[in-house]
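Undergrad: Residue numbers (the working numbering): 1040 to 1396.
Could you have a look at this structure, given as structure tokens, before my questions?
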Ligand code: ADP
Ligand code: MG
């Protein structure tokens, strides 16, 4: 598949403050890349520069190899072949649904009407053509905005938090049907979100952003399971941190020794583990301190609090070895009484090792 959108080293300053710094990314046709990061990290500014409504200080932006922005080149938004969807759908209130969807279309009336009909069908709004935006639910308005943005067959679809104005209950369904339509239309999609779950659900590629930079880029599986640093790990879920000191490529902890090759001798090391990979050891017999065993040595903690969240239960332990708190997540219902002492283990193949910050 060919690279459709290519962004190379764009930087943007506002009043001397760097908001987007040397940012590069690419999106292939038919693929969804999620630009994921906390509020204020520069996601919208990046999207706006690609759309052409904001001008980078430096860098280069190409679509299908043609320069949109670069030294001496700055095409206006309407010449870039991009579609835009923002959080507040921004439908034209005085136009009907069909009028909104057909707004950006040129050419023969019959051709336009056919394209509008085709898109309304795709977003499941056939029969809504004569209604006005105020007669529609939030989810329906979102679908009109999607159809309108896709109508002129944009090569690149830019979406800025397009689901955040929607009712939580409807969101997953709308995300999935939006994804189906986007894939069918085959545009390269760059979707901005601050919600890791949304990125995991929608993205072929996640570009994780922090302080104006992309800190990690890859398939959702890789970004989740091989985070580049502690903050990248913590962006996707709560994390537990066990600190030790590296010695001869091993780090001793209350959970046994961890293989920590590449860490500086004598340096503090953080072993990071997500709650679902910190296991309660219901069968402690016969386990020794084997540094390479997947589940290592158990350590004992006392239940502080247990909560049932529906799909899983969260259990907080105060650890006997130093009084720190670790959290496990157990599928289904598991609600031990506070004060219960249990043994915990860390799955060696599920922990991340970072130099302590
Ligand atoms: P995000 O979409 O990730 O929440 P933005 O790209 O909207 O972040 O903003 C990044 C930073 O740039 C914020 O601190 C914001 O206040 C600042 N910013 C955005 N646009 C402007 C502007 N036109 N002038 C000055 N500062 C801006
Ligand atoms: Mg934003």
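Note that CB positions come from ideal geometry on N, CA and C, so glycine has one too.
Since the structure is predicted, the reported quantities are computational estimates derived from the model, not experimental observations.
Which residue or residues does DSSP assign as beta-bridge partners of residue 1246?
TA: Within the chain shown, residue 1246 is the residue found at index 207, counting from 1. Bridge partners of residue 1246: 1074 and 1256.
Undergrad: Below 8 Å, can you find three or more Cβ-Cβ pairs linking the segment 1308-1321 to the segment 1379-1388?
TA: Counting Cβ pairs under 8 Å, three or more are found: they touch.
Undergrad: In three-state terms, what does DSSP make of residue 1217?
TA: By 1-based counting over the chain shown, the position of residue 1217 is 178. In the structure shown, residue 1217 sits in a helix (DSSP, three-state: H, G or I).
Undergrad: Just list the residues that DSSP pairs residue 1370 with in beta bridges.
TA: For the purposes of this step, residue 1370 is identified with residue 331 of the chain shown, where counting begins at 1. For residue 1370, which the question treats as bridged, DSSP gives the partners 1351.
Undergrad: For residue 1157, which residues from the same chain have a beta carbon less than 8 Å from its beta carbon, with the 5 sequence-adjacent residues on both sides left out?
TA: Counting from 1 along the chain shown, the entry for residue 1157 is found at position 118. Result list for residue 1157: empty, nothing under 8 Å.
Undergrad: Check the C-beta distance from residue 1353 over to residue 1366 and give it rounded, since I have them as a contact under 8 Å.
TA: Walking along the chain shown from the start, residue 1353 turns up at place 314. Walking along the chain shown from the start, residue 1366 turns up at place 327. That pair is a contact at about 6 Å.
Undergrad: Which residues in the same chain have their Cβ closer than 7 Å to the Cβ of residue 1185, if we skip the five residues on either side of it in sequence?
TA: Position 146 of the chain shown, counted from the start, is the residue given in the question as residue 1185. Once the five neighbours on either side are set aside, the close Cβ partners of residue 1185 are 1124, 1162, 1217 and 1220.
Undergrad: How should residue 1325 be labelled, buried or exposed, when 16 other C-beta atoms within 10 angstroms of its C-beta is the threshold for buried?
TA: The count along the chain shown starts at 1 and reaches residue 1325 at position 286. Model confidence at residue 1325 stands at a pLDDT of 49, short of 50, so the residue's coordinates are unreliable and nothing is read from them.
Undergrad: For the ligand ADP, which residues count as neighbours when the test is a C-beta closer than 5 Å to any heavy atom?
TA: Cβ atoms closer than 5 Å to the ligand ADP belong to 1053, 1058, 1078, 1079, 1080, 1081, 1082, 1083 and 1084.
Undergrad: Is the segment 1044-1054 in contact with the segment 1078-1089, if contact means three or more CB pairs nearer than 8 Å?
TA: Contact between the segment 1044-1054 and the segment 1078-1089 is present, because at least three Cβ pairs lie under 8 Å.
Undergrad: In three-state terms, what does DSSP make of residue 1389?
TA: Position 350 of the chain shown holds residue 1389. Three-state result, residue 1389: helix.
Undergrad: For residue 1050, write down the residues that DSSP places opposite it in a beta bridge.
TA: Numbered from 1 along the chain shown, position 11 holds the residue referred to as residue 1050. The partner list for residue 1050 (beta bridge, DSSP) reads 1097.
Undergrad: Going straight from the alpha carbon of residue 1119 to that of residue 1066, what length do you get?
TA: As a position in the chain shown, residue 1119 is number 80, starting the count at 1. As a position in the chain shown, residue 1066 is number 27, starting the count at 1. The straight-line gap from Cα to Cα measures roughly 15 Å.
Undergrad: In or out: residue 1348 buried (at least 16 other Cβ within 10 Å) or exposed?
TA: As a first step, residue 1348 is located in the chain shown; it is residue number 309 there, counting from the start. Exposed, since its Cβ has fewer than 16 Cβ neighbours within 10 Å.
Undergrad: Kindly list the residues whose CB is nearer than 7 Å to the CB of residue 1041, restricted to its own chain and excluding five residues on each side of it in sequence; keep chain order.
TA: Position 2 of the chain shown holds residue 1041. 1067 and 1068.
Undergrad: Starting from residue 1161 and walking both ways along the alpha helix (DSSP H), at which residues does that stretch end?
TA: For this step, residue 1161 is matched to residue 122 along the chain shown. It spans 1148-1161 - the alpha helix (DSSP H) in which residue 1161 sits, taken as one unbroken run.
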